[in-house]
Amino acid sequence: MRIMKEYRRPVHISSYDVDACGRLRIPTMLAWCQEASDQHMGLFGLNHAELIRRDMAFLLMRLQTAISCLPGEGEDVEIAVCPRGVIGAQYYRQFEMWRGQEKLVDMMESWVLADMTQRKILNPAVLDDLQIDVTSYRGTSEVRLGRIKIPRGLPLLGEYTVQYSDLDFNGHVANYSYARIALDMLPSYRGYNPQAQGSPAPKRCKALWMNYLAESRWGDTLRVYGEETAQGFILQGETAAGPSFACRGEYA
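Right, here's the structure in full:
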């Protein structure tokens, strides 16, 4: 049995990784975490290229993020990823972002393994032949990632047509693209004009939850409903087929 331990990926923050406020973009951070996870799984013969060969893919279902600080351009950080066991059909993975000895971000994600032809969730037992232990190193997560409860009657904030650049290698909207779309729909983000003197900058997000409910594909129209307060926001995106994602955030 091979024990899967923590994996660390160093990252240098370039000018194109930060937003107009000079902070690391949250969607970029999510993309980094996905890449760190893929590199980690690759050490055990399960990166996305091998999974595609097997007609499988890991699909992100839910995430919960606590953000103490988002670094800026020119800084060097590390993304640490560690398996946190299997709960039902969901694989839990913990991600941390470190700047030296300072932990900037702590995130828990749950993923499922899916058959990409039949679009159905697979039992984790299908990987038993690989003899990978994802529990012993740090134990099963005590965090349980539940569904975001969306209140009725949220107003429509806007619509977005899915573009080619929103898609990932599985042919559907990437998890980090949903985060970008969601944040861009918030009134405080849409109303920020860095060229206008006195324009209030968007507030810093200290916590973020996301649920990925159904695939969105090229050409789909995402209708985003939600509301924003001084304390945070809640959003839900829907296509013609039904709910696609839900998102909740708290401001610092």
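Per the numbering used here, the sequence shown runs over residues 1 to 252. Glycine included, every Cβ here is placed at the ideal spot set by N, Cα and C.
Residue i to residue j span [Cα, whole Å]
i: residue 67; j: residue 30; result: 12 Å
i: residue 79; j: residue 28; result: 12 Å
i: residue 72; j: residue 33; result: 17 Å
i: residue 177; j: residue 99; result: 25 Å
i: residue 156; j: residue 146; result: 24 Å
i: residue 164; j: residue 215; result: 14 Å
i: residue 21; j: residue 108; result: 26 Å
i: residue 205; j: residue 232; result: 8 Å
i: residue 62; j: residue 195; result: 36 Å
i: residue 95; j: residue 84; result: 10 Å
i: residue 212; j: residue 75; result: 31 Å
i: residue 250; j: residue 113; result: 30 Å
i: residue 121; j: residue 186; result: 32 Å
i: residue 221; j: residue 111; result: 25 Å
i: residue 167; j: residue 37; result: 18 Å
i: residue 132; j: residue 154; result: 44 Å
i: residue 191; j: residue 7; result: 39 Å
i: residue 25; j: residue 230; result: 21 Å
i: residue 234; j: residue 70; result: 21 Å
i: residue 217; j: residue 59; result: 15 Å
i: residue 252; j: residue 202; result: 11 Å
i: residue 105; j: residue 219; result: 34 Å
i: residue 48; j: residue 101; result: 31 Å
i: residue 151; j: residue 209; result: 15 Å
i: residue 35; j: residue 77; result: 15 Å
i: residue 86; j: residue 137; result: 13 Å
i: residue 227; j: residue 128; result: 44 Å
Which of helix, strand or coil DSSP assigns to residue i
i: residue 13; result: coil
i: residue 186; result: coil
i: residue 1; result: coil
i: residue 51; result: helix
i: residue 178; result: helix
i: residue 106; result: strand
i: residue 19; result: coil
i: residue 220; result: coil
i: residue 192; result: coil
i: residue 83; result: strand
Where the beta strand (DSSP E) through residue i begins and ends
i: residue 118; result: It is not in any beta strand (DSSP E) - residue 118 carries neither H nor E in the DSSP assignment.
i: residue 98; result: 90-99
i: residue 239; result: 232-239
i: residue 246; result: 242-251
i: residue 129; result: Unbroken run through residue 129: none, as it is neither H nor E.
i: residue 170; result: Element bounds for residue 170: n/a, residue is neither H nor E.
i: residue 64; result: 56-67
i: residue 134; result: Residue 134 -> no beta strand (DSSP E), and no H or E assigned at all.
i: residue 212; result: 205-212
i: residue 159; result: 156-161
Inter-residue CB distance, residue i and residue j (contact presumed, cutoff 8 Å)
i: residue 56; j: residue 4; result: In fact, because the Cβ distance is near 17 Å, the residues do not count as touching under 8 Å.
i: residue 2; j: residue 44; result: 7 Å
i: residue 246; j: residue 181; result: That pair is no contact at about 13 Å.
Unbroken alpha helix (DSSP H) run spanning residue i, endpoints
i: residue 28; result: 26-42
The ligand FAD heavy atom lying under 6 Å from the CB of residue i
i: residue 139; result: Of ligands this structure carries none, so the ligand FAD is not represented either.
CB contact below 7 Å: residue i versus chain B
i: residue 230; result: Judged by its chain identifiers, the structure shown contains no chain B, having just a single protein chain.
message: Taking 8 Å as the cut-off, does the stretch 125-144 touch the stretch 229-240 (at least 3 CB pairs, one atom from each stretch)?
response: For the pair of segments examined, the stretch 229-240 was found not to touch the stretch 125-144: the number of CB pairs separated by less than 8 Å stays below three.
task: Would you be able to state if there are at least three C-beta pairs under 8 Å between the stretch 81-92 and the stretch 43-52?
output: In the pairwise beta carbon analysis, the stretch 43-52 is classified as not touching the stretch 81-92: fewer than three pairs are separated by under 8 Å.
Segment contact, 8 Å Cβ cut-off, at least three pairs: the stretch 159-174 with the stretch 5-21: With a cut-off of 8 Å, the stretch 5-21 and the stretch 159-174 do not count as touching, because too few Cβ pairs lie within range.
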